[in-house]
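Enquirer: Once you've had a glance at the structure underneath, I'll fire off some questions.
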Amino acid sequence: MACLKLQAVSKSYDGKTQVIRPIDLDVADGEFVVMVGPSGCGKSTLLRMVAGLEQATGGDIYIDNQRVTDLEPKDRGIAMVFQNYALYPHMSVYDNMAYGLKIRGFGKTQIRQRVDEAARILELAPLLARKPRELSGGQRQRVAMGRAIVREPAVFLFDEPLSNLDAKLRVQMRLELQQLHRRLNTTSLYVTHDQVEAMTLAQRVIVMNKGVAEQIGAPAEIYRRPASLFVAGFIGSPAMNLWSGRISADGCRFELDGDAALPLTTAKPQWRGRELTLGVRPEHIQLAASEAGGIPLRVSTLELLGADNLAHGQWGTQKVIVRLSYEHCPAAGSTLRLHLPESSWHWFDSQSGLRVE
Numbered sequence: 002m003a004c005l006k007l008q009a010v011s012k013s014y015d016g017k018t019q020v021i022r023p024i025d026l027d028v029a030d031g032e033f034v035v036m037v038g039p040s041g042c043g044k045s046t047l048l049r050m051v052a053g054l055e056q057a058t059g060g061d062i063y064i065d066n067q068r069v070t071d072l073e074p075k076d077r078g079i080a081m082v083f084q085n086y087a088l089y090p091h092m093s094v095y096d097n098m099a100y101g102l103k104i105r106g107f108g109k110t111q112i113r114q115r116v117d118e119a120a121r122i123l124e125l126a127p128l129l130a131r132k133p134r135e136l137s138g139g140q141r142q143r144v145a146m147g148r149a150i151v152r153e154p155a156v157f158l159f160d161e162p163l164s165n166l167d168a169k170l171r172v173q174m175r176l177e178l179q180q181l182h183r184r185l186n187t188t189s190l191y192v193t194h195d196q197v198e199a200m201t202l203a204q205r206v207i208v209m210n211k212g213v214a215e216q217i218g219a220p221a222e223i224y225r226r227p228a229s230l231f232v233a234g235f236i237g238s239p240a241m242n243l244w245s246g247r248i249s250a251d252g253c254r255f256e257l258d259g260d261a262a263l264p265l266t267t268a269k270p271q272w273r274g275r276e277l278t279l280g281v282r283p284e285h286i287q288l289a290a291s292e293a294g295g296i297p298l299r300v301s302t303l304e305l306l307g308a309d310n311l312a313h314g315q316w317g318t319q320k321v322i323v324r325l326s327y328e329h330c331p332a333a334g335s336t337l338r339l340h341l342p343e344s345s346w347h348w349f350d351s352q353s354g355l356r357v358e
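Here's what the structure looks like:
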């Protein structure tokens with residue numbers, strides 16, 4: 002395999018509309034990196050620039066220390082797996098996997114060896130004579146991956162490969178992708194809008210927003226220390242609670258927009274009067290030890306999820322979501338007393354949106 006390097010890569014249309022702001026990225030040999038973000042954030046455009054399907058308007062792309070910015074896709078040593086599989090319907094599984102090698106002039110024996118090995122890895126050997134219409138969605142996706150594997154590329158690129166599958170099959174294919182990466186140790190860049198895919202597959206995650214890489218880091222780091230309000234609100238299910246307000250004049254309270262206030266165990270004199278946003282994940286909120294303590298949450302809705310429940314409600318004018326164990330089923334209209342451990346607080350500047358601690 003090989004390393005992948007992006008150096009100040011950017012994309013704009015007509016020299017005015019910038020869809021990708023300059024981004025630097027180093028993907029190590031054998032590393033699996035996932036780009037995640039909402040639709041239209043630029044993640045697929047960036048992947049297509051790496052593939053050579055779109056021209057970068059700024060910066061350089063290197064694969065295995067070779068500058069490939071101006072090379073044709075076929076000369077970059079990459080293989081791409083698409084969302085729609087892109088299989089030839091009139092060809093068998095074998096011929097779909099072999100086609101790219103045939104047009105590159107590989108001999109029949111070498112083609113047979115590569116296809117058979119990929120079919121063995123992906124458990125497609127019994128299906129090689131079938132046409133795509135005779136396959137399930139998961140099997141078609143395996144064929145698309147097999148077609149990429151036989152090319153023995155330097156870098157694998159995945160563009161939302163699981164988005165057309167149902168929920169159960171997506172879980173199965175995530176596991177298969179993890180196993181495949183461990184077996185092949187392939188350098189991979191993967192695009193998805195699904196944060197569960199990103200967090201479970203990636204060794205590092207790139208969170209994209211409006212053409213900007215908001216944060217690049219290990220999944221645990223992004224979950225535990227989101228770098229911005231966008232990352233805090235995007236990563237996590239349900240999303241992090243975010244409450245805007247300001248630090249009191251004496252630095253001892255967080256005064257939320259509305260009439261609620263939160264005492265600070267550790268005073269913040271350096272932030273006196275500063276407008277901040279406080280974030281706490283629903284799973285980190287606890288029930289208060291006594292009915293007299295904690296903050297009041299008037300429950301408006303309860304979602305029963307089986308293993309646990311989500312209580313939605315109001316704290317003053319602020320919306321709150323809290324994850325409860327399955328045995329806690331507060332009725333709508335009832336009041337819970339909640340404890341917010343300071344160890345789980347995240348502070349963000351309300352104007353810049355950046356983490357401040």
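If you use our numbering, the sequence shown corresponds to residues 2 to 358, in order.
Ideal Cβ positions, reconstructed from N, Cα and C, are used throughout, including at glycine.
What is the DSSP secondary structure of GLU256, counted as helix, strand or coil?
Expert: The sequence position of residue 256 within the sequence shown is 255, counting from 1. The answer is strand: DSSP assigns GLU256 an E or B state.
Enquirer: If we require 3 or more residues per run, which beta strand (DSSP E) segments fall completely within the stretch 185 to 269?
Expert: 189 to 193, 205 to 210, 213 to 218, 242 to 248, 254 to 257 and 262 to 264
Enquirer: Of all the beta strand (DSSP E) runs that stay within the bounds of the stretch 71 to 98, which reach a length of 3 or more residues?
Expert: 79 to 82
Enquirer: In whole angstroms, what separates the C-alpha of TRP272 from that of TRP348?
Expert: Sequence index remark: in the sequence shown, residue 272 carries index 271 (1-based). Sequence index remark: in the sequence shown, residue 348 carries index 347 (1-based). Using only the alpha carbons, I get a separation of about 11 Å.
Enquirer: Whose C-alpha, out of LEU102, VAL94 and ARG152, is nearest the C-alpha of SER137?
Expert: Locating residue 137 in the sequence shown gives position 136, where the first residue counts as 1. For the residues LEU102, VAL94 and ARG152, the minimum Cα distance to SER137 belongs to VAL94.
Enquirer: On a CA-only basis, which of LYS320, GLY252, ALA199 and ARG247 is nearest GLN352? Give me that one, please.
Expert: Residue 352 sits at position 351 when you count from the first residue of the sequence shown. When only C-alpha atoms are compared, the closest one is ARG247.
Enquirer: Are there 16 or more other CB atoms within 10 angstroms of the CB of LEU123, so buried, or fewer, so exposed?
Expert: Here residue 123 refers to the residue found at position 122 when the sequence shown is read from its first residue. So LEU123 counts as buried.
Enquirer: Using the rule of at least 16 other Cβ atoms within 10 Å of the residue's Cβ for burial, across every protein chain shown, is TYR191 buried or exposed?
Expert: Working through the sequence shown from its first residue, we reach residue 191 at position 190. Buried: at least 16 other Cβ atoms inside 10 Å.
Enquirer: Are ARG282 and GLY237 close, meaning C-beta to C-beta below 8 Å?
Expert: Residue 282 sits at position 281 when you count from the first residue of the sequence shown. Residue 237 sits at position 236 when you count from the first residue of the sequence shown. The answer is yes: Cβ separation under 8 Å.
Enquirer: I'd like the span of the beta strand (DSSP E) that includes VAL28, first residue to last.
Expert: Position 27 of the sequence shown holds residue 28. Start and end: 18 to 28.
Enquirer: Which residues share a DSSP beta bridge with PRO297?
Expert: Locating residue 297 in the sequence shown gives position 296, where the first residue counts as 1. Answer is ARG338.
Enquirer: Tell whether a beta-carbon distance below 8 Å holds between TRP316 and ALA228.
Expert: Working through the sequence shown from its first residue, we reach residue 316 at position 315. Working through the sequence shown from its first residue, we reach residue 228 at position 227. No. Outside cutoff.
Enquirer: So which of VAL172, SER164 and GLU222 has the shortest CA-CA distance to ASN85?
Expert: Position 84 of the sequence shown, counting from 1, holds the residue named residue 85. When each option's Cα is compared against that of ASN85, the closest is SER164.
Enquirer: So PHE157 packs on THR110, CB below 8 Å; how close in whole Å?
Expert: Stepping through the sequence shown from its first residue, residue 157 is reached at position 156. Stepping through the sequence shown from its first residue, residue 110 is reached at position 109. At roughly 25 Å, the Cβ-Cβ gap does not stay under 8 Å, so PHE157 and THR110 are not in contact.
Enquirer: Considering Cα atoms alone, identify which of PRO239, ARG226, VAL208 and ARG275 is closest to GLY252.
Expert: Walking along the sequence shown from the start, residue 252 turns up at place 251. The shortest C-alpha separation from GLY252 is found at ARG275.
Enquirer: Have a look at SER45 and VAL213 and give me their C-alpha separation to the nearest angstrom.
Expert: Translated into the one-based positions of the sequence shown, residue 45 becomes position 44. Translated into the one-based positions of the sequence shown, residue 213 becomes position 212. Cα to Cα, the separation comes out at about 13 Å.
Enquirer: To the nearest angstrom, how far is it from the Cα of ARG115 to the Cα of THR18?
Expert: Start at 1 with the first residue of the sequence shown, and residue 115 comes out as number 114. Start at 1 with the first residue of the sequence shown, and residue 18 comes out as number 17. About 44 Å.
Enquirer: Taking 7 Å as the limit between beta carbons, can you name the residues of its chain near ILE112, skipping five residues before and five after?
Expert: Position 111 of the sequence shown, counting from 1, holds the residue named residue 112. Within the same chain, Cβ atoms closer than 7 Å to the Cβ of ILE112 are found at ALA99, LEU102 and LYS103, the five residues on either side in sequence being excluded.
Enquirer: By Cβ distance below 6 Å, which residues in the same chain neighbour ALA130 in space, the five residues on each side in sequence not counted?
Expert: One-based indexing of the sequence shown puts residue 130 at position 129. Cβ within range, chain order: SER93.
Enquirer: Short of 6 Å in beta carbon distance, which residues of its chain neighbour PRO154, apart from the five on each side in sequence? Order them along the chain.
Expert: Against the sequence shown, residue 154 aligns to sequence position 153. Closer than 6 Å at Cβ, skipping near neighbours: GLY78, ILE79 and ALA80.
Enquirer: Under a three-way DSSP split, which group does GLN140 fall into?
Expert: Within the sequence shown, numbered from 1, the residue matching residue 140 stands at position 139. GLN140 falls in the helix class under three-state DSSP.
Enquirer: In angstroms with no decimal places, state the Cα-to-Cα distance between VAL172 and GLY295.
Expert: In the sequence shown, residue 172 corresponds to position 171, counting from 1. In the sequence shown, residue 295 corresponds to position 294, counting from 1. Near 38 Å, if we compare the C-alpha coordinates of GLY295 and VAL172.
Enquirer: Suppose contacts are defined by Cβ-Cβ distances below 8 Å. Is GLY314 in contact with SER326 by that definition?
Expert: Residue 314 sits at position 313 when you count from the first residue of the sequence shown. Residue 326 sits at position 325 when you count from the first residue of the sequence shown. No, these two residues do not count as a Cβ contact at 8 Å.
Enquirer: Spatial neighbours of SER40 within its chain, please: CB distance less than 8 Å, with the 5 preceding and 5 following residues excluded, ordered by chain position.
Expert: One-based indexing of the sequence shown puts residue 40 at position 39. Answer for SER40: HIS194, listed in chain order.
Enquirer: Give the DSSP bridge partners of ASP350, in chain order.
Expert: As a position in the sequence shown, residue 350 is number 349, starting the count at 1. Bridge partners of ASP350: LEU277.
Enquirer: Can you tell me which residues form a DSSP beta bridge with VAL156?
Expert: Looking up residue 156 in the sequence shown gives position 155. Its beta-bridge partners are ILE79.
Enquirer: Using the Cα positions of GLN106 and VAL51, report the straight-line distance between them to the nearest angstrom.
Expert: Stepping through the sequence shown from its first residue, residue 106 is reached at position 105. Stepping through the sequence shown from its first residue, residue 51 is reached at position 50. The question names Gln, yet the displayed sequence has Gly at residue 106. Each residue's alpha carbon lies about 25 Å from the other.
Enquirer: State the DSSP-derived secondary structure class of LYS132, mapped to helix, strand or coil.
Expert: Counting from 1 along the sequence shown, the entry for residue 132 is found at position 131. Here LYS132 sits in coil by DSSP.
Enquirer: Do ARG356 and GLU292 come within 8 Å of each other at the CB atom, strictly closer than that value?
Expert: Residue mapping note: residue 292 aligns to position 291 of the sequence shown, counting from 1. Residue mapping note: residue 356 aligns to position 355 of the sequence shown, counting from 1. Taking 8 Å as the Cβ cut-off, GLU292 and ARG356 do not qualify as a contacting pair.
Enquirer: Would you call the CB atoms of PRO1 and VAL35 closer than 8 Å?
Expert: This structure leaves residue 1 out entirely; the chain is present only between 2 and 358.
Enquirer: List the endpoints of the continuous beta strand (DSSP E) containing SER45.
Expert: Counting from 1 along the sequence shown, the entry for residue 45 is found at position 44. It is not in any beta strand (DSSP E) - SER45 instead sits in the alpha helix (DSSP H) that spans 44 to 52.
Enquirer: Can you give me the Cβ contacts of ASP117 inside the same chain, cut-off strictly under 8 Å, excluding the 5 residues immediately before and after it?
Expert: The sequence position of residue 117 within the sequence shown is 116, counting from 1. Correct list, in chain order: ALA126.
Enquirer: Please determine, among ARG254, ALA290 and ARG324, the residue with the shortest C-alpha to C-alpha distance to GLU304.
Expert: Locating residue 304 in the sequence shown gives position 303, counting from the first residue. When only C-alpha atoms are compared, the closest one is ARG324.
Enquirer: Quick check on LEU178: does DSSP put it in helix, strand or coil?
Expert: Residue mapping note: residue 178 aligns to position 177 of the sequence shown, counting from 1. It is helical.
Enquirer: I'd like the list of long-range same chain contacts for LEU311, defined as Cβ closer than 8 Å, with 5 residues on each side in sequence excluded.
Expert: Here residue 311 refers to the residue found at position 310 of the sequence shown. The residues are PRO239, PRO283, LEU303, GLU304, ILE322, VAL323, ARG324 and LEU325.
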